[in-house]
Each structure stands twice: as C-alpha cells, then as structure tokens.
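Accompanying notes for the structure given below.
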Amino acid sequence: MRLWDYHTHSNFCDHAIGSLEDYTQSAINLNLNQIGLTAHFPMIYLPESFHHYAMLLEDLPLYFNETNELKLKFKNEIEVLIGLEVDYFKKSFKQIKKVIKKHRGKFDYLIGSIHAIPWDGYEALPIDMRKAVPIIKKLGIDNVFLRYYEMMDELVKTGFFDIIAHFDFLKKYGLIPEKNEMIYQKILSVLDHIKKKDIIVEINTSGLRKSVKEYFPSDDIIKELIQREIPMILCSDAHTPNDVAYSFNETIVKLKKLGLTKLYQFEIQDGSFKKVPKRIL
Ligand SMILES: [Zn+2]
Ligand SMILES: [Zn+2]
Numbered sequence: 017m018r019l020w021d022y023h024t025h026s027n028f029c030d031h032a033i034g035s036l037e038d039y040t041q042s043a044i045n046l047n048l049n050q051i052g053l054t055a056h057f058p059m060i061y062l063p064e065s066f067h068h069y070a071m072l073l074e075d076l077p078l079y080f081n082e083t084n085e086l087k088l089k090f091k092n093e094i095e096v097l098i099g100l101e102v103d104y105f106k107k108s109f110k111q112i113k114k115v116i117k118k119h120r121g122k123f124d125y126l127i128g129s130i131h132a133i134p135w136d137g138y139e140a141l142p143i144d145m146r147k148a149v150p151i152i153k154k155l156g157i158d159n160v161f162l163r164y165y166e167m168m169d170e171l172v173k174t175g176f177f178d179i180i181a182h183f184d185f186l187k188k189y190g191l192i193p194e195k196n197e198m199i200y201q202k203i204l205s206v207l208d209h210i211k212k213k214d215i216i217v218e219i220n221t222s223g224l225r226k227s228v229k230e231y232f233p234s235d236d237i238i239k240e241l242i243q244r245e246i247p248m249i250l251c252s253d254a255h256t257p258n259d260v261a262y263s264f265n266e267t268i269v270k271l272k273k274l275g276l277t278k279l280y281q282f283e284i285q286d287g288s289f290k291k292v293p294k295r296i297l
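Using my numbering, the first residue of the sequence shown is number 17, and each one after it goes up by one.
Below, the structure written as structure tokens:
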C-alpha cells in the first residue's frame, strides 16, 4: 500500500531544515503516492514573539510559486499537494482569514493548529516550547488545559479547516491534567463537534520524537475517534526531510490493533477535491 503524508515543513520557517524539494524527494524515495507541503502560515497577526516561528507574509507568493513548480516537476513520480498549517488565534482570526481567502485557489487544504494560548499578563503561552512548562504549572495545569480545549473547540466551530493538527499538543512536555476526568469530558465534547463538522483528525507521529513519546492524540483519544468514525490520516509533521512518513508502517500496525480499518486520502473527483476512505492493508 502506497502511503501519503499531509503535514510537512521546510526552511520556509526557521525551526525546520531542508527545502520543499528535499521533502518531496524524500517522499518519492519512500514511494509515497502523495506529499502535502504545509508550511506554517505567517504568524505576524499573533503576538510579536511568535513572528519568527513562521514564514513572513511577503514569503507567501514565493511559497505558492515553489510548491506549484514542484507539483509540475514531479507529477510523474508523486502528487504534490499544497497546504498551510494555520495557527488559530481568536483575536486575529478575521485578519488571518482575510489573507487566506485572498489566496484561495493556490492551495489544496488547510491544517488548523494551536501553538499560542492567549493569557492575561502574558503575550500568549508558547506551548510548543519547554519554557512554557513552569508558567503553565504556575497558572494551574487544569486551567491551561481547559483554555486549550476551549480554543480547540472554537477552531473546530470556525469550519475553516480541513485537518486538525496535533489534537492534544499541550502534553508535549509530559504535562498531565490533575482533574483528568473533567478535562476528558471537555475533550469528548470537542470530538462531538469535530464529528458534526466532518473534519479530519491527524495521527501525528512527531510526538514519538518528543519527550512525551506518544502520538498526538493519545491512544485513548484515538479509540474515541474510531468509535465516532471521525476521519483520520497519518502525518509526520516532519521538520527535517528524514522525518517524512516517520514511523508510518509501525503506526498502521498499531492503529489496526486499536480497531482502525481506514485512513482518508484527498482525491480530485469530477473536478472537486474530496476526502475518500481507503482500507488499510
Ligand atoms: Zn513547526
Ligand atoms: Zn506542523
């Protein structure tokens, strides 16, 4: 079975290495049938300390040019899909949406994610960074978890995104809620909204490469996704070309054990872009 990876980065952001072509080439070497290039959408509408995390706004045209060139250059080897990973940030979401809508037609899909939680007294909590951990502990782990899933709920309800990235990302450094049951109930209600909106949730293997050493989301949540028949895909969230399709074969074995029978794939059908279930073998 030829696989596909819909979440990869490149040197369009300063915390990833390798060109878009390097990632595409890596996917070809792995015999994938599709690669989704999904640079971080500019974060200039987030607080200033996040600006350097993504490409600049003026890089966007270059990004679309380069990704389109790769689509054509490698069309006989692999289908290149063009995407963006967009941070949901309530205060600036209108602005973000406006810029993205201006570029409609230049990309195939959008991944929604959360890397910054707004908090009084702080610009925003940078939950992707270890330095956020002592702050989160000070603010109360459960408080931050609740706020995070409230944001996730808002992200889902925008209906703007095709894929939800690293659903339980806040656990990245091993943080565990104290009132686990309460947070879990909140998670279940977010999952119900995801089901209603028919959004794809990624099984993100980057967690295996982080200190938490588990998938985003965790097995318990994956089981809930399976039970609700919420569409799922595998994503590496590669920040180096070597991590494209990271651990996908082992992950499929594991997902089958959890009861998953299909993964979703994007296909152009009758001129429109659709997600189609594929039986996993
Ligand atoms: Zn990144
Ligand atoms: Zn990413």
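Beta carbons: idealized from backbone N, C-alpha and C, even for Gly.
Under the three-state reduction of DSSP, which class applies to residue i: helix, strand or coil?
i    : result
R295 : strand
G287 : coil
V149 : helix
V102 : strand
I249 : strand
By how many angstroms is the C-alpha of residue j removed from the C-alpha of residue i?
i    : j    : result
Q281 : L97  : 11 Å
A148 : F161 : 13 Å
I130 : Y61  : 14 Å
D178 : Y104 : 13 Å
A132 : P63  : 9 Å
F28  : A70  : 7 Å
L100 : S252 : 15 Å
I116 : K110 : 10 Å
Q285 : V292 : 10 Å
D38  : K154 : 41 Å
T256 : G34  : 6 Å
Y125 : L191 : 31 Å
L72  : A261 : 27 Å
S26  : G223 : 18 Å
Counting along the chain, where does the alpha helix (DSSP H) carrying residue i start and finish?
i    : result
S234 : S234 -> no alpha helix (DSSP H), and no H or E assigned at all.
V266 : Correcting the residue identity first, residue 266 is Glu in this sequence and not Val. Note, E266: alpha helix (DSSP H), F264 to L274.
In terms of residue numbering, what span does the beta strand (DSSP E) encompassing residue i cover?
i    : result
S129 : Y125 to S129
A55  : Q50 to H56
L78  : Looking at the DSSP string, L78 is not in any beta strand (DSSP E); the run it does join, the alpha helix (DSSP H), is L76 to K89.
M71  : Where M71 is concerned, there is no enclosing beta strand (DSSP E), given that its DSSP letter is neither H nor E.
A132 : A132 to W135
Just to check my reading of the structure: residue i and residue j have Cβ atoms closer than 8 Å, yes? What is that Cβ distance to the nearest angstrom?
i    : j    : result
F232 : F185 : 6 Å
Taking Cβ positions only, does residue i come closer than 8 Å to chain D?
i   : result
L36 : The chain inventory of the structure shown lacks chain D, comprising one protein chain alone.
Q.
Beta-carbon distances below 5 Å to any heavy atom of ligand 2 define the shell here; list its residues in chain order, please.
A. E101 and D253
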